[in-house]
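Undergrad: Take this structure first; my questions come after.
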Amino acid sequence: MGEKVLVVDDDADARLFSVTVLEEHGYTPLEASDGEEGLKMIRKEKPNLIILDIMMPRQSGIRLYRELKTDKSLKNIHVIVLSGISKRAFLRSQKALTDFGGPPVPEPEVYLEKPVKAEDLAKTIKQVIG
Amino acid sequence: MEIKKLLFVTKFEELCFDAVQSLLSLREAALDHIVFVNVIERDKVAMRRGTGYQKEEEIRLRETANIRFIDWAEGLYEQGMEVGVYIVVGSLVAEVIKAAQKEEADLIVIGRSHKSMLEQFYSRSEITELIRRTSTPVLVYKPIPENVIVLEKPFERPLLATDWSAASLRAVEYLKGLKDITQKIDVIHVASKKELTGSTTMEVQETRKEKRQKLEEICDILEAAGIEARSHVYIGDPVQEIEKAARECQATMVVLGSSGKAAWAEKWVGSIPRAIAEKSIYPTLLIPPEQV
Chain V
1 MGEKVLVVDD DADARLFSVT VLEEHGYTPL EASDGEEGLK MIRKEKPNLI ILDIMMPRQS
61 GIRLYRELKT DKSLKNIHVI VLSGISKRAF LRSQKALTDF GGPPVPEPEV YLEKPVKAED
121 LAKTIKQVIG
Chain F
1001 MEIKKLLFVT KFEELCFDAV QSLLSLREAA LDHIVFVNVI ERDKVAMRRG TGYQKEEEIR
1061 LRETANIRFI DWAEGLYEQG MEVGVYIVVG SLVAEVIKAA QKEEADLIVI GRSHKSMLEQ
1121 FYSRSEITEL IRRTSTPVLV YKPIPENVIV LEKPFERPLL ATDWSAASLR AVEYLKGLKD
1181 ITQKIDVIHV ASKKELTGST TMEVQETRKE KRQKLEEICD ILEAAGIEAR SHVYIGDPVQ
1241 EIEKAARECQ ATMVVLGSSG KAAWAEKWVG SIPRAIAEKS IYPTLLIPPE QV
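Respectively, the protein sequence lines represent chains V and F. Position 69 of the first sequence, counting from 1, maps to 69 under my numbering, and the rest follow consecutively. In my numbering, each residue's number is its place in the second sequence (first place is 1) plus 1000.
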């Protein structure tokens, strides 16, 4: 069994793409279709890596990322953001939430803008968790 | 009852981002989450004789909506708002009700249909149908009049429309010189619908990514000069989309590099800059190429 990687994305095609890449490289993929479902799975499954979309129903990746990085038991889980939302907007949003009184959170280890090539995603995953 | 989460239903004709922004005063009440809903009508992608289900058309329509919503969402995320999106194929009323239930929305905001009185007479109004079937309050929002703009400080929030021509890049340099009177610049490129081709979502997204990366380079130049900048990709007719972008970004002026292609009497004024200069309700700053 390879390391567990959770893909959180509301777009079924995008999930299928990431899951296929993960399976082909020996990882164990898990799937969630929004931030709320993603957080439940993270707490239950404790994956080694999360591939996180941002713009999703119910709870966005921005809020999920904050929850992860401010939770002592979850903050060390690796995160690759894979989204159509720009990194610039992501960082500004986190700054705004911090300005409103929330705790500061670190930048994501990797931020990829959709779409990404399969080989690039595989290479990035390997760099992050080996 | 607090309005914490609203569902904003749009077909992009009747309600755009300026309408969203005008609702942000609800933040003082409790609003912190906006969910966008775009329903692609079934008949736009339905089976046709000889061609079957219009899968590529569905992908194109989905991505066109997605590009708009990404742009809107970025603007709201940057203000600390939470944003969600539904782009679905189906019946408007049924899909809106489904999304409202799933999201536990406190308010549905919907625009008036553009159907004529005669059409309304023969087909039940979607709004009437929605109100009849949902338990969520519904706000029927009216478009903001097109001729309402503030002109006190025309250089405060310019919208720079670019096609990466030499004149467009010159416009960037020109705007850098206005940094002391400029609060923010929105940089936009309008891609044509024909450019959104491909049999997969990823192929279509590649077009947006490529345009966006080029726009981000311009934003980097402006931000390095001390001016806040944001990039936007629009899809469609350049004249209409630039006007729409100006409204959505609450711009005070439209800035364009004019085409160097035209060799006739007007010399540097290309067809798009000319149309905008003539038709737009915004002050329009045209930057010619270096050598006319």
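Even for Gly, the Cβ is constructed at its ideal location relative to N, Cα and C. Bear in mind the structure is a predicted one, so any value in this text is a computation, not a measurement.
1) V/P57 touches chain F at which residues, Cβ-Cβ below 9 Å?
2) Under 9 Å between C-beta atoms, does V/A133 make it to chain F?
3) Given F/I1131, which residues of its chain have a CB within under 7 Å of its CB, disregarding the five upstream and five downstream residues?
4) What's the gap between the Cα of F/E1195 and the Cα of F/A1046?
5) Write down every uninterrupted run of the alpha helix (DSSP H) in the segment 1189-1232 of chain F whose length is 4 residues or greater and which is fully enclosed by it, in chain order.
6) Which runs of the beta strand (DSSP E) at least 3 residues long sit entirely within the segment 12-58 of chain V? Give them in chain order.
7) Verify the contact flag: V/V128, CB atom, against every heavy atom of the ligand ZN, threshold strictly below 8 Å.
8) Taking V/T28 as the reference, which of V/K46, V/E37, V/P103 has the closest Cα?
9) Here's a check: name, in chain order, each residue in its chain whose Cβ is nearer than 6 Å to the Cβ of F/E1248, leaving out the five neighbours to either side.
10) So, helix, strand or coil for F/P1273, using DSSP?
11) Let's see if you can read the secondary structure: which residues bound the alpha helix (DSSP H) around V/S93?
12) Please list, in chain order, all residues of the same chain as F/P1283 whose beta carbon is under 8 Å from its beta carbon, the five residues on each side excluded.
13) For F/E1028, which option in F/K1004, F/G1090, F/A1094, F/G1198 has the closest C-alpha, if you only look at C-alpha atoms?
14) Using a threshold of 9 Å, state whether the C-beta atoms of F/I1188 and F/L1160 are closer than that.
15) In or out: F/L1024 buried (at least 16 other Cβ within 10 Å) or exposed?
16) For a quick check, are the C-beta atoms of V/L6 and V/L74 less than 9 Å apart?
17) With 9 Å as the threshold, decide whether the Cβ of F/K1209 is near any Cβ in chain V.
18) Are the CB atoms of F/I1070 and V/M56 within a distance shorter than 9 Å?
19) Compare the Cα-Cα distances from F/G1257 to each of F/A1246, F/S1271, F/Q1213 and report the closest residue.
20) In chain V, which residues lie less than 7 Å from F/I1070 when you measure between Cβ atoms?
21) At 9 Å on the CB atoms, spell out the chain V contacts of F/M1253, in chain order.
22) Enumerate in chain order the residues of its own chain whose CB-to-CB distance from V/I42 is below 8 Å, with the five nearest sequence positions on each side excluded.
23) So does the segment 1174-1186 of chain F actually touch the segment 1201-1214 of chain F, counting three or more Cβ pairs closer than 8 Å?
24) At what residues does the beta strand (DSSP E) containing F/I1281 begin and finish?
25) Please classify F/I1281 as buried or exposed, where buried requires at least 16 other C-beta atoms within 10 Å of its C-beta.
26) Using three-state DSSP, classify V/N76 as helix, strand or coil.
27) Determine which residues of the segment 95-109 of chain V have a Cβ less than 7 Å from any Cβ of chain F, and write them out in chain order.
28) Taking buried to mean at least 16 other C-beta atoms within 10 Å of its own C-beta, is F/L1222 buried or exposed?
29) Can you have a look at F/T1201 and say buried or exposed, based on whether 16 or more other CB atoms are within 10 angstroms of its CB?
30) Around the Cβ of F/A1030, are there at least 16 other Cβ atoms within 10 angstroms (buried) or fewer (exposed)?
31) Consider the Cβ of F/S1025: report whether some Cβ of chain V lies at a distance smaller than 9 Å.
32) Quick check on the DSSP output: the beta strand (DSSP E) that includes V/E67 runs from which residue to which?
33) Given a cut-off of 9 Å, decide if F/D1032 and F/E1103 are closer than it, judged by their beta-carbon atoms.
34) Output yes if chain F places a C-beta closer than 9 Å to the C-beta of V/E113; else output no.
35) What residue from V/L16, V/L97, V/T124 has the CA that sits closest to V/V81's CA?
36) What would DSSP say about F/G1090, mapped onto helix, strand or coil?
TA: With the given structure in hand:
1) Looking up residue 57 of chain V in the first sequence gives position 57. Simply V1035, G1084, V1085, Y1086, A1099, K1102, E1103.
2) This structure cannot settle anything about residue 133 of chain V, because the visible part of chain V is limited to 1 through 130.
3) Position 131 of the second sequence, counted from the start, is the residue given in the question as residue 1131 of chain F. Result list for F/I1131: V1138, in chain order.
4) Here residue 1195 of chain F refers to the residue found at position 195 when the second sequence is read from its first residue. Here residue 1046 of chain F refers to the residue found at position 46 when the second sequence is read from its first residue. Answer to the nearest angstrom: the Cα atoms are 22 Å apart.
5) DSSP runs (the alpha helix (DSSP H)) wholly in the segment 1189-1232 of chain F: 1201-1224.
6) 28-32, 49-52
7) With respect to the ligand ZN, the structure offers nothing, as it holds no ligand at all.
8) In the first sequence, residue 28 of chain V corresponds to position 28, counting from 1. Closest by alpha carbon: V/K46.
9) Within the second sequence, the letter at position 248 stands for residue 1248 of chain F. Result list for F/E1248: C1016, F1017, D1018, in chain order.
10) Sequence index remark: in the second sequence, residue 1273 of chain F carries index 273 (1-based). Note: F/P1273 maps to helix in three-state DSSP.
11) Residue mapping note: residue 93 of chain V aligns to position 93 of the first sequence, counting from 1. Note, V/S93: alpha helix (DSSP H), 87-99.
12) On the second sequence, residue 1283 of chain F is found 283 positions in, with the first residue counted as 1. For F/P1283, where only same-chain residues beyond five positions count, the Cβ hits under 8 Å are L1151, P1154, T1252, M1253, V1254.
13) As a first step, residue 1028 of chain F is located in the second sequence; it is residue number 28 there, counting from the start. It is F/K1004.
14) Mapped onto the second sequence, residue 1188 of chain F falls at position 188. Mapped onto the second sequence, residue 1160 of chain F falls at position 160. Contact flag set, yes.
15) Locating residue 1024 of chain F in the second sequence gives position 24, counting from the first residue. With fewer than 16 Cβ atoms within 10 Å of its Cβ, F/L1024 is classed as exposed.
16) The residue you call residue 6 of chain V lines up with position 6 of the first sequence. The residue you call residue 74 of chain V lines up with position 74 of the first sequence. Going by C-beta atoms, V/L6 is not nearer than 9 Å to V/L74.
17) Within the second sequence, residue 1209 of chain F is the residue found at index 209, counting from 1. Taking Cβ atoms only, chain V reaches closer than 9 Å to F/K1209, which makes this a yes.
18) What you label residue 56 of chain V is simply residue 56 of the first sequence in a count that begins at 1. What you label residue 1070 of chain F is simply residue 70 of the second sequence in a count that begins at 1. Their beta carbons are not under 9 Å apart, which means V/M56 does not touch F/I1070 by this criterion.
19) Numbered from 1 along the second sequence, position 257 holds the residue referred to as residue 1257 of chain F. Minimum Cα distance to F/G1257 is reached at F/S1271.
20) The residue you call residue 1070 of chain F lines up with position 70 of the second sequence. What F/I1070 touches in chain V: M55, G84, I85.
21) For the purposes of this step, residue 1253 of chain F is taken as the residue at position 253 of the second sequence. Here the premise fails: no neighbours, minimum Cβ distance about 23 Å.
22) Position 42 of the first sequence holds residue 42 of chain V. The beta carbon of V/I42 lies closer than 8 Å to those of L6, I50, L68, L74, I77 in the same chain, with the five residues before and after it left out.
23) no
24) Looking up residue 1281 of chain F in the second sequence gives position 281. Taken as a continuous stretch (DSSP letters only), F/I1281 belongs to no beta strand (DSSP E), as it is neither H nor E.
25) By one-based count along the second sequence, residue 1281 of chain F stands at place 281. By the 16-neighbour rule on beta-carbons within 10 angstroms, F/I1281 is exposed.
26) Numbered from 1 along the first sequence, position 76 holds the residue referred to as residue 76 of chain V. Coil at V/N76, not helix or strand.
27) Close to chain F, meaning a Cβ-Cβ distance shorter than 7 Å, are the following residues of the segment 95-109 of chain V: A96, L97, F100.
28) By one-based count along the second sequence, residue 1222 of chain F stands at place 222. F/L1222 should be labelled buried.
29) On the second sequence, position 201 is the one that residue 1201 of chain F refers to. By the 10 Å Cβ count, F/T1201 comes out buried.
30) For the purposes of this step, residue 1030 of chain F is taken as residue 30 along the second sequence, with counting starting at 1. With fewer than 16 Cβ atoms within 10 Å of its Cβ, F/A1030 is classed as exposed.
31) Residue 1025 of chain F sits at position 25 when you count from the first residue of the second sequence. Not closer than 9 Å to any Cβ of chain V, the Cβ of F/S1025 fails to qualify, so no.
32) Translated into the one-based positions of the first sequence, residue 67 of chain V becomes position 67. Counting along the chain, V/E67 falls outside any beta strand (DSSP E), though it belongs to the alpha helix (DSSP H) covering 61-69.
33) Within the second sequence, the letter at position 103 stands for residue 1103 of chain F. Within the second sequence, the letter at position 32 stands for residue 1032 of chain F. Cβ atoms of F/E1103 and F/D1032: not closer than 9 Å.
34) Against the first sequence, residue 113 of chain V aligns to sequence position 113. Interface residue, yes.
35) Here residue 81 of chain V refers to the residue found at position 81 when the first sequence is read from its first residue. Nearest of V/L16, V/L97, V/T124 to V/V81, Cα basis: V/T124.
36) For the purposes of this step, residue 1090 of chain F is taken as the residue at position 90 of the second sequence. Three-state result, F/G1090: strand.
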